[in-house]
Structures are given as C-alpha cells and as structure tokens.
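Residue numbers (our numbering), protein chains in the order written: chain L, 286 to 492; chain W, -14 to 209.
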C-alpha cells in the first residue's frame, strides 16, 4: 500500500514578519511520509501566512524550507503538492466536471479518475451542474476532490472543514487518513479538532 | 505534451467562460462602436475633416476599448482563487498566462477587427486603406493585450487599481498607436507602408516573447 514513502518536508528557523509584527520566529519542524502537521493558534497568529510560505506565495523573512532535502524553489515540489485555501479556486460559471478537468490539465493525473473522485466526495450525479448552483459545503467538497484526481504527496489545507456538515467533516477525515496511509503528508490549519485514526499528528501552536 | 495540454485547456476554459458571461465580449465592442459613431455627430457635416482623422479615431477607440477590457483578464481568477491554482501548477506560469492573454484577445480584440471596416467606411475612409487598417489592428491589438496584461498583473492585488493601471499601460501603448495610426494615414493617401508594418510585426513578436515573463512574475508578487 505504501506508494509514496520517503518524502520529507523540513523547515528550519522560519520566521514571518507582517507590518512590523513578528507572527512567528525560529519555527522548525520536520514532516515525513504518513504524518499530519496541524497548525493551531488564535486568529492572526500566522497560520495562513505559514501555509502561503509553504506554497511559495510569500517569502519567509528568514529560514529555509526543504523538500526531500532540496530547497523548494522548483517545479519538482509543485508537482507533488496540492493546496486548498480559503478560496475554493473553482469557477462558478463552469460545471463540476469542467472545473476538475482544468485542474487535471494543469497537473498530472493521480490515483482516482474524475468520476471516482466525485463519488468519493459524494458529488456524483452533479457532473453537469454549474458550480454556482452548488451550496458552500458542496463547493468545498468539490475543491477537495481536486486533491484526489491529481498526483500529489503533500496536501496543504487552510481550514478545510469550513462550511462542511458533520458527515462532510467525517468524510474529509477519512480521505485524510487514507492519504496518510498511502504515504502522503498533510499540513493543515483547523479550528475543529481533527480525529484521525492511526495517523501520527504533529501539532504546532503558533500563539 | 502535458504543457501544450495545459496551455490549450486554459484557452478553452477562458473562451467557455467568456461565452457564458457574454458581457465581457459585448462591453469593449459596444464601447468601440459607440465612441466612433459619436465623432461624426460631434464634428458635424465636415466629411473631409472626418476622413482625415478617421485612422486616429479608430485606433484611439480601439486602444481605449482594449484598456477597458483589461481588468477582466485576471480579476475573476484572482477573486475566486483560480489564479492561486494556476500559479501552483508545475507547468511554467508564463506559458499558462500566455494562454489566458490569447483567449482574452480572441474575446475582446478580434471582434473589433470584424466591425472596424464597417466603421471605417462610415467615417469615409478610402476603400484601398481598409486592408491596411485591418492589418494594423491584427498586429496591434494583440500587443495591447500583451502589454496590458503586465499592468493588470501588477495591479490586480490592489482594490482600486484602475487609475494606476491606465497610467502604467497608456505610455507603453503609444508606440503602437503612432505606427499603426501613421500606417493607415499613409495608406489612405496611397503611400507605401512597409516600414510601419514591419515595425508593428517586430513589436508584436517582441511582446509575444517578452511580455509573459513579467506577467508571471507580477502575478506571483500580487498573490502575496
């Protein structure tokens, strides 16, 4: 079952300063295949900033990030990560399947086909529905379906449970456990306490 | 292969989006037609004057129409997070944004070419200059989209970037306006215009190669 083992994400002495305010400094962690990193902390403590630094949208004010031992500024890293942020990143004028096809074209095909992924996030039957007709929770599940159809090792999730109901949350937790069991790794922020079976969860409190 | 697949997927996506939104196509085109039809009304019964300034009118209107449509290039992708996903793609961002720019030109620039001959006749431009007018628009409007994309990429993160955008982009549009307007003017008088056309071709090729790189870099910066 272990298909994606041997990956690691390491941060050393990371710091982020925003508007003269130090959000975090001297932050270090190492994450290996099969682990989950849960970032905790109150609002404005720099959780999202840290995730955006991991995605390369922001530069860390100091410190280094390493992916499998190499600095992460190349496409090898981007080919192996997937990000779901505050914004769903889906076009509301396109149908569910059209949106997923775009994501697939931008990346390389992963474990599941589009139909299988929609089935997994309980959206089968919505294939040809325009995204603007979906509810907030359904949109969220659609953006999480992107993680399943593309080839990736590292999931970066910013508050993935927002606007999901209880079943939705349980569903995503199952998907996360499966991803870790197959050797993937996850960095996420969440207000909701996550409940993952048989998964090694590291916690960092930023506040 | 997957790079060309991503490139064409982006173009296709933007064309489908434009088709479903429609106003994106209609707005610049309507603006272009309206401005040009207002000139004869404002100037009055002076066909000679109108004929003399027709190349300028058409080109300035095309330029303003192109600028009006620029904001739609990255705005909705920025607002709904699709831009983040495009930037995170392992494919080179500059190629993907080139796809977006091409789609944007097909939607906002190409329709101008279709109505321009009609409007030129309306302004009394001689028939033998119509070909050159179309050629300058064909070579010039893609440059407007390419250069404009740099400005939009820089200002998309600002809430009210409209004014800054025009200040940034207009000076860079001037060379296109000068050579294209001049070519049409000369063609109306029956003079050769090879030099102007060659310069427009070189500007287009240069913009095609050089513009996507700063656009990609500026988008990454705007994401911050």
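We put the beta carbon where it would ideally sit given N, CA and C, even for glycine.
With respect to the beta strand (DSSP E) encompassing residue i, which residues constitute its N-terminal and C-terminal limits?
i                     : result
residue 320 (chain L) : 320 to 325
residue 52 (chain W)  : From DSSP, residue 52 (chain W) is part of no beta strand (DSSP E) but of the alpha helix (DSSP H) over 32 to 55.
Please report the residue range of the alpha helix (DSSP H) in which residue i lies.
i                     : result
residue 306 (chain L) : Unbroken run through residue 306 (chain L) is the beta strand (DSSP E), 306 to 317; no alpha helix (DSSP H).
residue 412 (chain L) : No alpha helix (DSSP H) holds residue 412 (chain L); DSSP gives it neither H nor E.
residue 158 (chain W) : 147 to 173
residue 96 (chain W)  : 95 to 107
residue 210 (chain W) : Outside the modelled stretch of chain W, which goes from -14 to 209, sits residue 210 (chain W), for which no answer is possible.
residue 67 (chain W)  : 67 to 73
residue 405 (chain L) : 399 to 405
In this structure, does DSSP put residue i in helix, strand or coil?
i                     : result
residue 328 (chain L) : coil
residue 208 (chain W) : coil
residue 141 (chain W) : coil
residue 62 (chain W)  : helix
residue 286 (chain L) : Legend: pLDDT at residue 286 (chain L) = 40, less than 50; position of this residue unreliable, no value from coordinates given.
residue 503 (chain L) : Since the first residue shown for chain L is 286 and the last is 492, residue 503 (chain L) is missing from the structure and cannot be characterised.
residue 345 (chain L) : coil
residue 351 (chain L) : strand
residue 369 (chain L) : strand
residue 299 (chain L) : strand
residue -9 (chain W)  : helix
residue 388 (chain L) : helix
residue 394 (chain L) : strand
residue 196 (chain W) : coil
residue 294 (chain L) : strand
residue 356 (chain L) : strand
residue -1 (chain W)  : helix
residue 501 (chain L) : For residue 501 (chain L) there is no data in the structure shown, the boundaries of chain L being 286 and 492.
residue 76 (chain W)  : coil
residue 187 (chain W) : helix
residue 240 (chain L) : With chain L covering only 286 through 492, there is no way to say anything about residue 240 (chain L).
residue 334 (chain L) : helix
residue 81 (chain W)  : helix
residue 176 (chain W) : coil
Quick one: what's residue i bridged to in DSSP?
i                     : result
residue 380 (chain L) : L:415
Is residue i a contact residue of the ligand FMN, with contact defined as CB to any heavy atom under 7 Å?
i                     : result
residue 183 (chain W) : Among the components modelled here there is no ligand, and therefore nothing to report on the ligand FMN.
request  = Please name the residues in the stretch 66 to 83 of chain W whose beta-carbon is closer than 7 Å to at least one beta-carbon of chain L, in chain order.
outcome  = Result list: 66, 67, 69, 70, 71, 73, 74, 75, 76.
message = Against chain W, which members of the stretch 372 to 401 of chain L pass a CB distance test of less than 8 Å?
response = The residues in question are 372, 373, 374, 375, 376, 377, 378, 379, 383, 386, 387, 388, 390, 391, 392, 393.
request  = Quick one: which unbroken beta strand (DSSP E) runs of 3-plus residues sit fully inside the stretch 424 to 490 of chain L? Chain order, please.
outcome  = Runs found: 439 to 443, 470 to 474, 485 to 490.
task = Check distances from the C-beta atoms of the stretch -14 to 0 of chain W to those of chain L and list, in chain order, the residues that come in under 7 Å.
result = Among the residues of the stretch -14 to 0 of chain W, those with a Cβ less than 7 Å away from any Cβ of chain L are -13, -10, -9, -6, -2, in the order of the chain.
key: Under 7 Å (Cβ pairs) to chain W, residues found in the stretch 420 to 446 of chain L   = Residues of the stretch 420 to 446 of chain L that bring their beta carbon within less than 7 Å of a beta carbon in chain W are absent altogether.
task = Closer than 8 Å, Cβ to Cβ, to anything on chain L: give me those residues from the stretch -2 to 17 of chain W, in chain order.
result = Listed in chain order, the positions of the stretch -2 to 17 of chain W with a beta carbon within less than 8 Å of a beta carbon of chain L are -2, 1, 2, 5, 6.
task = With 8 Å as the C-beta to C-beta threshold (strictly closer), list the residues of the stretch 409 to 420 of chain L near chain W in chain order.
result = Correct list: empty, as no residue qualifies.
query = Looking at chain W, which residues of the stretch 333 to 352 of chain L have a Cβ within less than 7 Å of any of its Cβ atoms?
reply = Against chain W - using a Cβ distance shorter than 7 Å - the residues of the stretch 333 to 352 of chain L are 340, 342, 343.
key: Contact list for the stretch 103 to 125 of chain W against chain L, Cβ threshold 7 Å   = Those would be none; no residue qualifies.
key: Proximal residues, the stretch 299 to 329 of chain L versus chain W, C-beta separation under 7 Å   = So the list is empty, because no residue satisfies the distance condition.
key: Contained beta strand (DSSP E) runs [length at least 3] in the stretch 112 to 139 of chain W, N- to C-terminal order   = Within the stretch 112 to 139 of chain W, no beta strand (DSSP E) run of at least 3 residues lies entirely inside it.
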